[in-house]
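For what it's worth, the working numbering labels the leading residue of the sequence shown as 11, then goes sequentially. First up is the structure itself, then whatever we jot down about it.
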Amino acid sequence: MKNKVIESPSPPEGREEARAQELGVPFVTLNSATVDEQIVDVIPEETARRLGVMALFRVENSLSVAMVDPTDVLALDELRRLTGFTILPSLCTDTDLQEAIARWYRVDAQVRRVAESIPKEEEEAAEAHRIDAKDETFPIVNLVNMILLQAVRDGASDIHVEPDRDLFRVRYRVDGALREISQFSLELLPALVSRIKTMSGMDIAEKRIPQDGSMVVRTERRRIDLRVSSLPTVAGEKIVLRILDQNSIRLDISKLGLPAAVESAWRRLIRSPDGVVLVTGPTGSGKTSTLYATLAELNSVDRNILTVEDPVEYNLPIINQVQVREKVNLTFASVLRSILRQDPDIIMIGEVRDQETAEIAIRAALTGHLVLSTLHTNDSVSAVTRLSDMGIPAYLLASSIRGVLAQRLVRKTCLRCRREVEPDPDLCELINLSEEEREGLKAFRGEGCRECGYTGYRGRTGLYELFAVSRSVSRVIARNGEEEELAHLAHNEGSLHTLREDGIRKATEGSTSLEEVARITRAVWSGRRKDRDERGKRGES
Numbered sequence: 011m012k013n014k015v016i017e018s019p020s021p022p023e024g025r026e027e028a029r030a031q032e033l034g035v036p037f038v039t040l041n042s043a044t045v046d047e048q049i050v051d052v053i054p055e056e057t058a059r060r061l062g063v064m065a066l067f068r069v070e071n072s073l074s075v076a077m078v079d080p081t082d083v084l085a086l087d088e089l090r091r092l093t094g095f096t097i098l099p100s101l102c103t104d105t106d107l108q109e110a111i112a113r114w115y116r117v118d119a120q121v122r123r124v125a126e127s128i129p130k131e132e133e134e135a136a137e138a139h140r141i142d143a144k145d146e147t148f149p150i151v152n153l154v155n156m157i158l159l160q161a162v163r164d165g166a167s168d169i170h171v172e173p174d175r176d177l178f179r180v181r182y183r184v185d186g187a188l189r190e191i192s193q194f195s196l197e198l199l200p201a202l203v204s205r206i207k208t209m210s211g212m213d214i215a216e217k218r219i220p221q222d223g224s225m226v227v228r229t230e231r232r233r234i235d236l237r238v239s240s241l242p243t244v245a246g247e248k249i250v251l252r253i254l255d256q257n258s259i260r261l262d263i264s265k266l267g268l269p270a271a272v273e274s275a276w277r278r279l280i281r282s283p284d285g286v287v288l289v290t291g292p293t294g295s296g297k298t299s300t301l302y303a304t305l306a307e308l309n310s311v312d313r314n315i316l317t318v319e320d321p322v323e324y325n326l327p328i329i330n331q332v333q334v335r336e337k338v339n340l341t342f343a344s345v346l347r348s349i350l351r352q353d354p355d356i357i358m359i360g361e362v363r364d365q366e367t368a369e370i371a372i373r374a375a376l377t378g379h380l381v382l383s384t385l386h387t388n389d390s391v392s393a394v395t396r397l398s399d400m401g402i403p404a405y406l407l408a409s410s411i412r413g414v415l416a417q418r419l420v421r422k423t424c425l426r427c428r429r430e431v432e433p434d435p436d437l438c439e440l441i442n443l444s445e446e447e448r449e450g451l452k453a454f455r456g457e458g459c460r461e462c463g464y465t466g467y468r469g470r471t472g473l474y475e476l477f478a479v480s481r482s483v484s485r486v487i488a489r490n491g492e493e494e495e496l497a498h499l500a501h502n503e504g505s506l507h508t509l510r511e512d513g514i515r516k517a518t519e520g521s522t523s524l525e526e527v528a529r530i531t532r533a534v535w536s537g538r539r540k541d542r543d544e545r546g547k548r549g550e551s
C-alpha cells in the first residue's frame, strides 16, 4: 500500500519522501519544521540561496541543515568550513526552501542599520541631487530597496509611508490588515520621498498637490509593478505604494476557493453566448483576480476577447488589452465605442463607473456579445438596483443581466498554530445562526506564532455569493421588483448562494474563523440596511 502512494503521480511530497529514504536522510517540510531563529543567520542569506540550504537548529556541535540536494559534497564541505559544525543534512523541496528563506531572512534589522547610517549631510546632498534612479551611491537608495523587498517577501498589498509630528512610520498591509514595520527620524523623510518619486516618474519639486505614478522593480527573479500615490498632509507628504504582483494572480477558476455549486454555476454563466456577467465587491476584494481567472478559462484562438482596464494588472496571451488614459480622453466609454467596431466575441470592462459605460455595456450585451465587468455594490442582488440608479431601464436589465458574483476576502487561520475552539455564542448571534445551524458547528482560531507574525492568520481566501438570473427572476426585474423580493425568489429557486452560507462552511472547515465571517457578513447587512434607507428617502422626496 505504501509503495502505491509513493508511485502516485499526484503528491510531490511522496516522491521526495521516497528519495529521502533512498538517501538515508530525513525529509522536512519547512512550513512546519522546528527552526531556531537564533541559528538561522549562521549561514548568510546569499550563501543559503546559492547552495540551496537553510540552517534549522543546533544540538551541541551538530547543525541540522535543510538542503535541496543533500548529496552535494562541495556544499557540505563549505558549510562545515563556514560554521565549524558537523552538518546533519535533511532533504527539502526547492520551492519550500525559497519560501522559508524569504520568511526567515528578514531585512528589518538591515533597514534600521542603513537608516541610522545616513548622516544629515548626505540627506541634504541626496535632496539636492534629486537622487537619480540608477544612482547607487546614497544609503537612502538601499533603504528604499529594503523597504520594498521586505514588503514583497511579506506578501504585502500596500506600503504606507506616513509622516507624524516627530517621526515617520512605515506600515504594510498584509492579509488586509495594516502592520507597523518601523519608525524613522523625520529628517529622512524628504530624501526617501524624493527617491520614491524619482523611481515612479513623479515631480519631486511639487509637494503641494497629490500625484500619481508607477514603477517596475525586479527582485528574486520576479517582476513587481507598483502604483504610487502621494498626498500632502500637515506633517509632510504621505506615500502609498500599491503592489501588483503578477505571480499572486491565480489564473485558474478552480483555485479561487469557490464552493463546488457556485463554481459549477459560474462556469455555466460565463459560457453564455451573450449578456452581462458581473463581479461585485469593495476595493481589494479580489474582483480583478476572479475576472482574470475567468478570461483565462475562456481564452482561445477562436475567440476575439478585448478588455479595457485601469490599470492592466496582468498581461494575458492572445487577449487584446487596452489601458485607460484619462489625460488623453482614453476613457472606458470612448474605448468601448471603438471596441464594438473590433468584431469582439467577449468584452471585459475593468469597472462600470458611470451611466455612459453602463449603457454601452448593456447595448453590447443585447447585440450578441458576452460582457464581463465589475461593480461596487454591497452584495450580488443590489447590482441590479445600482444599474437602475445609473439610469438603465428595468426592461433592458431584465434582458441583459445573466448573473452576479459578489465576493469578499477573509483572512485564513494559520495552519501552524490553528486550534479548534468552542463556538462563541455572541458570534453565532451576530451571524444569526439558527439552533439547527449551531448543532455540529466547529470553530477554529489561530493562537499566534512566528509563521503568521503572531496574528493567528496567514493568507486570505474568498467568500462568494452567486446570484443567477432565471426567467422568473428576470420578470421581477422587468417590473422593478424590490431587492428583498429578488433575493427571496432566487434563494427559493436555489439560484442564490450567499456570502453567509459560504462563510459558515469555511469557518466549520477551519479555513477561516467565525470572527472573520461575522466581520464580513455584518458589513454586508449594514450596507443592505443603508441602501434600503437611502432608497426610502428618495421615494419620500
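The beta carbon of each residue, even a glycine, is placed where N, CA and C say it ideally should be. Note that the structure is predicted; figures quoted are calculated from it, not measured.
Would you give the residue range spanned by the beta strand (DSSP E) that residue i belongs to?
{"i": "G456", "result": "453 to 456"}
{"i": "R68", "result": "63 to 69"}
{"i": "V226", "result": "221 to 229"}
{"i": "K248", "result": "246 to 255"}
{"i": "R90", "result": "Not the beta strand (DSSP E): R90 falls in the alpha helix (DSSP H), residues 83 to 93."}
{"i": "E6", "result": "Because the chain spans 11 through 551 in this model, residue 6 falls outside it and cannot be assessed."}
Would you list the one or two residues that DSSP bridges to residue i?
{"i": "S100", "result": "A76"}
{"i": "H379", "result": "None, per the DSSP bridge assignment."}
{"i": "R181", "result": "H170, E190"}
{"i": "M209", "result": "None, per the DSSP bridge assignment."}
{"i": "T239", "result": "Here residue 239 is Ser; the residue named in the question, Thr, does not match the sequence. The partner list for S239 (beta bridge, DSSP) reads D222, V250."}
{"i": "T384", "result": "V289"}
{"i": "F37", "result": "L101"}
{"i": "L316", "result": "N330, I357"}
{"i": "E430", "result": "F454"}
{"i": "R233", "result": "R228"}
{"i": "S195", "result": "L177"}
{"i": "R59", "result": "R59 is not bridged to any residue."}
Tell me which residue opens and which closes the alpha helix (DSSP H) that residue i is part of.
{"i": "D436", "result": "435 to 440"}
{"i": "L419", "result": "Taken as a continuous stretch (DSSP letters only), L419 belongs to no alpha helix (DSSP H), being part of the beta strand (DSSP E) at 411 to 423."}
{"i": "N502", "result": "493 to 503"}
{"i": "G294", "result": "Neither: G294 is in no alpha helix (DSSP H) and is coded neither H nor E."}
{"i": "D512", "result": "509 to 519"}
{"i": "L279", "result": "270 to 280"}
{"i": "E445", "result": "445 to 448"}
{"i": "R347", "result": "342 to 349"}
{"i": "A393", "result": "392 to 399"}
{"i": "P321", "result": "P321 -> no alpha helix (DSSP H), and no H or E assigned at all."}
For residue i, which residues from the same chain have a beta carbon less than 6 Å from its beta carbon, with the 5 sequence-adjacent residues on both sides left out?
{"i": "D235", "result": "V226, L254"}
{"i": "T317", "result": "Q331, M358"}
{"i": "P99", "result": "V35, V75, M77, P80"}
{"i": "D46", "result": "F67"}
{"i": "S348", "result": "none"}
With residue i and residue j assumed to form a contact (beta carbons below 8 Å), what rounded beta-carbon distance in angstroms separates them?
{"i": "V162", "j": "T229", "result": "6 Å"}
{"i": "I219", "j": "P200", "result": "Not really, about 17 Å apart at Cβ, beyond 8 Å."}
{"i": "A85", "j": "V50", "result": "The Cβ separation is near 17 Å, so there is no contact."}
{"i": "V184", "j": "A166", "result": "5 Å"}
{"i": "V244", "j": "Y474", "result": "No, V244 and Y474 are not in contact; Cβ-Cβ is about 42 Å, not under 8 Å."}
{"i": "L33", "j": "T57", "result": "Not really, about 22 Å apart at Cβ, beyond 8 Å."}
{"i": "A368", "j": "S390", "result": "In fact, because the Cβ distance is near 17 Å, the residues do not count as touching under 8 Å."}
{"i": "L476", "j": "V486", "result": "L476 to V486, Cβ: 17 Å. No contact."}
{"i": "I259", "j": "V171", "result": "Not a contact, Cβ separation roughly 25 Å."}
{"i": "A528", "j": "L437", "result": "5 Å"}
{"i": "I372", "j": "V286", "result": "7 Å"}
{"i": "L346", "j": "P433", "result": "The Cβ separation is near 48 Å, so there is no contact."}
{"i": "S224", "j": "S210", "result": "6 Å"}
Apart from the five residues just before and just after residue i, which ones in its own chain have a Cβ nearer than 8 Å to its Cβ?
{"i": "D176", "result": "L196"}
{"i": "T81", "result": "L33"}
{"i": "S282", "result": "L380, R412"}
{"i": "R181", "result": "I169, H170, E172, L188, R189, E190, I191"}
{"i": "S480", "result": "A500, E503, S505"}
{"i": "G378", "result": "P283, D284"}
Excluding the five sequence neighbours on either side, which residues of its own chain have a C-beta within less than 7 Å of the C-beta of residue i, listed in chain order?
{"i": "I97", "result": "L73, V75, L86, L89, R90"}
{"i": "R29", "result": "L101"}
{"i": "A303", "result": "R260, L261, D262, I263, L266"}
{"i": "A488", "result": "A404, Y405, A408"}
{"i": "R309", "result": "Arg is not the amino acid found at residue 309; the sequence shown has Asn there. Taken in chain order, the residues that qualify are I315, L326, I328, I329."}
{"i": "N8", "result": "Summary: the structure shown does not reach residue 8, with the chain confined to residues 11 through 551, and so no result is reported for it."}
{"i": "V414", "result": "L288, T290, S390, A393, F477"}
{"i": "L340", "result": "V334"}
{"i": "H498", "result": "none"}
Exercise. Pairing CB atoms from the stretch 455 to 472 with CB atoms from the stretch 414 to 422, are three or more of them under 8 Å?
Worked result: yes
Exercise. Between the stretch 384 to 400 and the stretch 356 to 366, do three or more beta carbon pairs fall short of 8 Å?
Worked result: yes
Exercise. Do the stretch 423 to 434 and the stretch 452 to 467 meet, that is, are 3 or more Cβ pairs less than 8 Å apart?
Worked result: yes
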